[in-house]
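Under the numbering used here, the first residue of the sequence shown is numbered 116, with each subsequent residue one higher. Ideal Cβ positions, reconstructed from N, Cα and C, are used throughout, including at glycine.
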Amino acid sequence: MKILSVNAGSSSLKFQLLEMPQEEVITSGLIERIGFADSIFTIKVNGDKTRDVKAIKNHSQAVSIVLDALIDLKIVNSYDEISGVGHRVVHGGEKFNDSVLINKQILNEIERLKDLAPLHNPANLTGIRAFHEILPNVSHAAVFDTAFHQTMTKEAYLYPVPYTWYEKYGIRKYGFHGTSHKYVSERAIELLGKGVKGTKIITVHIGNGGSITAIKDGKSIDTSMGFTPLAGIMMGTRSGDIDPSILPFVMEKENWTINDAIKALNKDSGLKGISQKSSDMRDIVKGVEQKDEKCLRTLHLFAKKVCDYIGSYYILLGGCDAIVFTAGIGENSEPARKAIVDRLGSLGIILDEEANKVMGEEKLISTKDSKIKVYVIPTNEEVVIARDTLRLINQCTE
Ligand code: AMP
116 MKILSVNAGS
126 SSLKFQLLEM
136 PQEEVITSGL
146 IERIGFADSI
156 FTIKVNGDKT
166 RDVKAIKNHS
176 QAVSIVLDAL
186 IDLKIVNSYD
196 EISGVGHRVV
206 HGGEKFNDSV
216 LINKQILNEI
226 ERLKDLAPLH
236 NPANLTGIRA
246 FHEILPNVSH
256 AAVFDTAFHQ
266 TMTKEAYLYP
276 VPYTWYEKYG
286 IRKYGFHGTS
296 HKYVSERAIE
306 LLGKGVKGTK
316 IITVHIGNGG
326 SITAIKDGKS
336 IDTSMGFTPL
346 AGIMMGTRSG
356 DIDPSILPFV
366 MEKENWTIND
376 AIKALNKDSG
386 LKGISQKSSD
396 MRDIVKGVEQ
406 KDEKCLRTLH
416 LFAKKVCDYI
426 GSYYILLGGC
436 DAIVFTAGIG
446 ENSEPARKAI
456 VDRLGSLGII
466 LDEEANKVMG
476 EEKLISTKDS
486 KIKVYVIPTN
496 EEVVIARDTL
506 RLINQCTE
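Here you go:
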């Protein structure tokens with residue numbers, strides 16, 4: 116059964132066609148710069164990558180181009196071979212604690228939730244509508260970034276602000292990257308091999324965005340992102356947690372609007388803000404190798420912010436069986452992982468320096484004597500989207 120896994124951003128469309136339940140990737144690709152004269156369409160089949168640059172007006176046209184390519188490249192003979200399309204949706208609010216098949220009512224709900232994710236949900240919706248237009252008879256599923264964290268208790272998700280803010284406006288911690296935390300924690304539970312009950316895992320998803328989750332018995336009990344993905348650890352260009360009083364102070368000094376201030380926290384902070392050089396950990400690491408002071412302070416601040424959460428989640432979980440690194444930095448950056456793990460000696464964690472050289476592969480990177488196992492597990496959000504879509508289709512036909 117062929118399932119398309121889709122991630123539509125405001126100017127991009129990422130897709131993967133998978134043979135399910137074998138979870139084999141048949142083809143994958145990306146359209147970037149939708150709405151520009153030089154949009155880029157990349158598609159990979161059997162290891163061969165094709166790249167085309169041309170004007171792609173909107174998401175509808177992008178979806179047509181993807182689906183046409185599937186036929187032209189003889190990946191499918193007809194659209195009837197596609198049994199389902201799973202769509203990543205960033206915000207599911209309190210309404211969705213699992214993925215769902217999309218109907219009119221669900222579309223309205225996702226639309227309503229755009230208040231909470233004004234940049235992401237409308238883009239996700241555009242993707243859903245564009246695919247639905249061309250594939251109206253296929254099952255479409257929505258897979259929410261927030262759903263995995265809906266197991267958090269009030270104690271974890273409430274902010275100590277007037278309770279009416281929660282009642283009136285839904286102001287609470289939602290958490291994000293749920294699909295990734297779910298995937299890597301399930302894999303870690305398999306690797307630990309003692310069943311899900313009683314397991315205590317801390318997942319460290321560090322890419323351009325980053326979040327850390329405490330997972331007990333396979334369920335998220337706390338996570339570092341909050342009401343929005345701006346909260347938590349220091350990220351590529353996002354600040355993570357700061358004292359909110361900094362905002363009015365800087366606004367007054369710089370004569371800024373609230374939008375200017377929020378933009379500074381989203382786009383000019385994190386690795387980029389502290390290093391004054393780059394938001395990319397590869398550049399920071401290069402600078403560290405050259406003993407560049409700005410890059411050194413950036414790497415150490417980043418490691419500290421990550422460890423603040425790991426320490427707090429160790430206490431919350433009452434111990435920890437495994438720490439899992441994933442996403443761009445977590446999967447690929449030996450120096451970033453080392454800078455983090457080196458700060459965790461008091462938990463009895465010992466890094467296997469040789470194993471830590473791994474890039475983009477699943478590996479145990481702690482020694483036999485380490486009190487907590489440390490893994491690198493590449494994330495695979497596309498496969499979770501395809502799995503959930505398949506599960507929902509099967510439930511529907513049972
Ligand atoms: P993601 O958002 O998961 O795609 O991660 C993207 C980020 O991962 C980039 O901005 C880099 O900071 C980081 N990254 C990717 N590859 C490496 C690498 N080899 N070394 C260090 N950082 C990397």
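Per-residue burial, Ile197 [other beta carbons within 10 Å of its own, 16 or more giving buried]
By the Cβ-count criterion, Ile197 is buried, with 16 or more other Cβ atoms from all chains shown falling within 10 Å of its own Cβ.
Given this structure, state the Cα-to-Cα distance separating Ala271 from Gly325, to the nearest angstrom.
Using only the alpha carbons, I get a separation of about 19 Å.
8 Å Cβ shell around Gln391 - same chain, five flanking residues per side excluded:
Lys409, listed in sequence order.
Going along the chain, which residues of its own chain have a beta-carbon closer than 8 Å to the beta-carbon of Phe130, five neighbours each way excluded?
Taken in chain order, the residues that qualify are Leu119, Ser120, Val121, Asn122, Ser143, Gly144, Leu145, Val181.
Taking 7 Å as the cut-off, is the CB of Ser354 close to at least one heavy atom of ligand 1?
With a cutoff of 7 Å, Ser354 does not count as near ligand 1, since its C-beta is closer than that to no heavy atom of the ligand.
Count the C-beta pairs between the stretch 197-207 and the stretch 159-172 that are closer than 8 Å, then say yes if the count reaches three, no if not.
With a cut-off of 8 Å, the stretch 159-172 and the stretch 197-207 do not count as touching, because too few Cβ pairs lie within range.
Examine ligand 3 and report whether any of its heavy atoms sits within less than 7 Å of the Cβ of Ile389.
In the structure on display, ligand 3 does not appear, and the ligands it does have are ligand 1.
Residue closest to Lys331, alpha-carbon to alpha-carbon, out of Gly150, Thr268, Lys283, Met396:
Minimum Cα-Cα distance from Lys331 among the listed residues Gly150, Thr268, Lys283, Met396 corresponds to Thr268.
Taking the alpha carbon of Leu133 as the reference point, which residue from Glu513, Ile155, Thr504, Cys511 has its own alpha carbon closest?
Closest by alpha carbon: Thr504.
I want to check one thing, is the minimum distance from the CB of Ala454 to the heavy atoms of ligand 1 below 7 Å?
For ligand 1, not one heavy atom lies less than 7 Å from the Cβ of Ala454.
Quick one: what's Tyr490 bridged to in DSSP?
Partner(s): Val439, Leu479.
Under 8 Å between the Cβ atoms of Ala329 and Tyr428?
Going by beta carbons, Ala329 and Tyr428 fall inside the 8 Å limit.
DSSP-derived helix/strand/coil call for Asn122:
In this structure, DSSP gives Asn122 an extended state, which the three-state scheme calls strand.
Tell whether a beta-carbon distance below 8 Å holds between Arg452 and Asn471.
Yes, they are a contact pair.
Reduced DSSP category for Phe246 - H, G, I as helix; E, B as strand; rest coil:
Per DSSP, reduced to three states, the secondary structure at Phe246 is helical.
Through-space distance from Val403 to Lys382, alpha-carbon basis
Rounded to the nearest angstrom, the two C-alpha atoms are 23 Å apart.
Examine ligand 1 and report whether any of its heavy atoms sits within less than 7 Å of the Cβ of Ile492.
For Ile492, the shortest separation between its Cβ and any heavy atom of ligand 1 does not lie below 7 Å.
So Leu431 is in the alpha helix (DSSP H); what residue range does that whole segment cover?
Element bounds for Leu431: 408-432.
Under 7 Å from any heavy atom of ligand 1, does the C-beta of Ser360 make it?
Distance from the C-beta of Ser360 to the nearest heavy atom of ligand 1 is not below 7 Å.
Going by the C-beta, is Asn447 closer than 7 Å to any heavy atom of ligand 1?
Within the cutoff, so yes.
Taking the runs of the alpha helix (DSSP H) that are 4 residues or longer, which of them lie wholly in the stretch 370-403?
If only uninterrupted alpha helix (DSSP H) runs of at least 4 residues are considered, those enclosed by the stretch 370-403 are 373-382, 385-390.
Just to confirm the assignment, what range does the alpha helix (DSSP H) spanning His296 have?
From DSSP, the alpha helix (DSSP H) with His296 extends over 293-307.
Same chain, Cβ closer than 7 Å to Pro237, five either side skipped, listed in chain order:
Here Pro237 has Lys229 as same chain residues with Cβ atoms under 7 Å from its own Cβ, once five neighbours each way along the sequence are excluded.
Could you spell out where the beta strand (DSSP E) holding Ile286 opens and where it closes?
Looking at the DSSP string, Ile286 is not in any beta strand (DSSP E), and its letter there is neither H nor E.
Quick check: Thr343 and Ser384, are their CB atoms within less than 8 Å of each other?
Annotated as distal: Thr343 and Ser384, with beta-carbon spacing of 8 Å or more.
Using the rule of at least 16 other Cβ atoms within 10 Å of the residue's Cβ for burial, across every protein chain shown, is Cys435 buried or exposed?
Buried.
Whose CA, out of Leu250, Ala257, Ile249, Val191, lies closest to the CA of Gln220?
The shortest Cα separation from Gln220 among Leu250, Ala257, Ile249, Val191 belongs to Ala257.
Across the stretch 275-294 and the stretch 475-484, are there enough close Cβ pairs to call them in contact, namely three or more that are closer than 8 Å?
No, because fewer than three Cβ pairs between the stretch 275-294 and the stretch 475-484 fall closer than 8 Å, the two stretches do not touch.
Please state the DSSP three-state secondary structure of Ile508.
In this structure, DSSP gives Ile508 a helical state, which the three-state scheme calls helix.
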